[in-house]
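J.:
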Amino acid sequence: MSPGGVPLSRMPFALLALAYAGLWAGTGSESLAALAKSLSCLIILAGMILSWWFNRSRAFFVLVVLGLSQFLLMHSSLVGDQAFFRSTVVPVVCFLIPLNLYVFSRIQERGIFNAWGLKRMWFIGMQGVFVLAVILSRDAGLVSLITSPLAPAYAFTSLPPAAIFAYVLTFILLIRHSYGDFHLNSAMLGVLTASAVAFHFQANALSVPLFFAAAGLMLAVAMIQDSYSMAYFDELTGLPARRALKEEMLRLSGRYTIAMLDIDYFKKFNDTYGHTTGDAVLQLVASVIKETGGDAKPFRYGGEEFVIVFPDKRLQQALPYLEELREKVGTTAYISKDAGKHQKRSPRKLFVTVSIGAAEATGRLKTAEAVVKAADKALYRAKEQGRNCVSK
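What follows is the structure, given as structure tokens:
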């Protein structure tokens, strides 16, 4: 969820709807058009600063492309020949934007102001040189494959066929081959859509600044959400991490139960099957923990340890859910081809068990930290009792 309560998966659609509403309401207003241009530039610039701050090179270079494209589209007078600009320059920019979106959605986060970043700036710069060469030469033949318009009978949009193909293909590829952060990948799809709509309504002076501003906001929100996820969620298991647990503990009051869970003999398991298989088993156990009943709130504590919080539940109420969890982990198999190769055998089912210690808030255990310590002691008792059991 975003701070405003709008699910992040819907945020791009909300921003697109706002941009379209602004386009519809502000058509014909020169003052609003000037305001939109300034606002869009500020949003893109702020997004670039934010991406540099969070070291998000993919978002940074997409924003650079959007900023340069908007500058060119908003200063057509620099080209001089407006007919040439509309028939040649705009279609070229329209074609290059989805190309860049796909390229920068696929790269790894390797920094901005370093050797890797310079290579990506060189890639953008070469496109700028190409566009400048088209403008200076006034030779539409250089880009005839890109600028060929649709036949009048099929002209449902002002986008040339090459750009339509680029947008459709990029959309499909972004869905199938997304790389890295989930929220940023979703934002890339939103940016792609926003830029396509901007070019569709390019005859309207508000179109490009409004939809490019929406695109910049999508990337900014995605970067903030990704940074939040990195701070509060464990990357491997997807569970809330220790920082989120600390904040949850501050909110606890009244009656509640906290359980500590540890995968039995996990170090030996890693030594036998390798860390890759070990990580996969951690993910499997986490997926089972997520399904714990009783309004449980699971967290990854560190290593092979997990914490489960049961707000408003006494220990005796939580124990049945913990027993069910222990049994389910012990009967859930992980089938690993890697394990088979490591042991020079055919792939086989691997099983792990867990030990669980639980404690509840009482008059003696008045703070959440004290309850966690008591649950940790109970966990050690479970290990001393032979493991694969729940202790209190």
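The opening position of the sequence shown corresponds to residue 6 in our numbering, with each subsequent residue numbered one higher. All C-beta atoms, glycine included, are put in the ideal place defined by N, C-alpha and C.
By a C-beta neighbour count over all protein chains shown, 10 Å radius and 16 as the cutoff for buried, is D276 buried or exposed?
T.: D276 should be labelled exposed.
J.: Could you check whether the Cβ of K42 sits closer than 7 Å to any heavy atom belonging to the ligand GTP?
T.: By its list of ligands, the structure shown contains no ligand whatsoever, and the ligand GTP lies outside what it can speak to.
J.: Would you say the region 204-211 touches the region 267-281, given that touching needs at least three Cβ pairs under 8 Å?
T.: At 8 Å Cβ cutoff, the stretches do not touch.
J.: Give me the Cβ distance between C99 and A168, rounded to the nearest whole Å; I'm assuming they're in contact under 8 Å.
T.: Rounded, the Cβ-Cβ distance is 4 Å, consistent with contact.
J.: Considering only DSSP beta bridges, list what P303 is partnered with.
T.: Answer by DSSP bridge pairing, in chain order: I313.
J.: Does G362 come out as helix, strand or coil in the three-state DSSP assignment?
T.: Residue state, collapsed to three classes: strand.
J.: Let me know the secondary structure DSSP gives L355 once reduced to three states.
T.: The answer is strand: DSSP assigns L355 an E or B state.
J.: Compute the Euclidean distance between the alpha carbons of H80 and M16, then round it to the nearest angstrom.
T.: Each residue's alpha carbon lies about 30 Å from the other.
J.: Flag this pair as yes or no: are the beta carbons of S45 and A218 separated by less than 8 Å?
T.: Yes. Within cutoff.
J.: Between the Cα of F76 and the Cα atoms of L224, I49 and R115, which residue gives the shortest distance?
T.: Measuring from the Cα of F76, the nearest candidate turns out to be I49.
J.: How big is the Cα-Cα spacing for I294 and P303?
T.: Cα to Cα, the separation comes out at about 7 Å.
J.: Tell me the start and end of each unbroken beta strand (DSSP E) in the region 198-280 that is at least 3 residues and wholly inside, in chain order.
T.: If we require 3 residues or more, the beta strand (DSSP E) runs fully inside the region 198-280 come out as 261-268.
J.: List the DSSP bridge partners of V395.
T.: DSSP, once it has assigned bridges, lists I361 as partnering V395.
J.: Give the C-beta separation of V148 and V213 to the nearest angstrom, bearing in mind that I take them to be a contact with Cβ-Cβ under 8 Å.
T.: No, V148 and V213 are not in contact; Cβ-Cβ is about 20 Å, not under 8 Å.
J.: What do you get for A363, buried or exposed, if any count of 16 or more other CB atoms within 10 angstroms of its CB means buried?
T.: Its Cβ being crowded by 16 or more others within 10 Å, A363 is buried.
J.: Assess contact between the region 303-312 and the region 246-261, defined as three or more Cβ pairs (one per stretch) separated by less than 8 Å. Is contact present?
T.: At 8 Å Cβ cutoff, the stretches touch.
J.: So, are the CB atoms of V334 and T358 less than 8 Å apart?
T.: Cβ distance < 8 Å, so V334 and T358 count as in contact.
J.: Pair every Cβ in the region 163-179 with every Cβ in the region 100-111, then say whether three or more of these pairs are closer than 8 Å.
T.: A contact exists between the region 163-179 and the region 100-111.
J.: Could you name the residues of the same chain whose beta carbon sits closer than 7 Å to that of S36, not counting the 5 residues immediately before and after it, in chain order?
T.: Result list for S36: empty, nothing under 7 Å.
J.: Please name the residue in N60, L150 and L78 whose C-alpha comes closest to that of N119.
T.: The shortest Cα separation from N119 among N60, L150 and L78 belongs to N60.
J.: Using 8 Å as the cut-off, can you tell me whether the region 114-128 makes contact with the region 62-74, which would need three or more C-beta pairs spanning the two stretches below that distance?
T.: Touching, yes, given that three or more Cβ pairs across the two stretches are closer than 8 Å.
J.: Can you give the Cα-Cα distance for D300 and S292, rounded to whole angstroms?
T.: For D300 and S292, the distance between alpha carbons rounds to 15 Å.
J.: How big is the Cα-Cα spacing for L355 and I151?
T.: Whole-angstrom Cα-Cα distance: 55 Å.
J.: Measuring only the C-alpha atoms, how far is Q132 from R91?
T.: Approximately 18 Å, taken between the alpha carbons.
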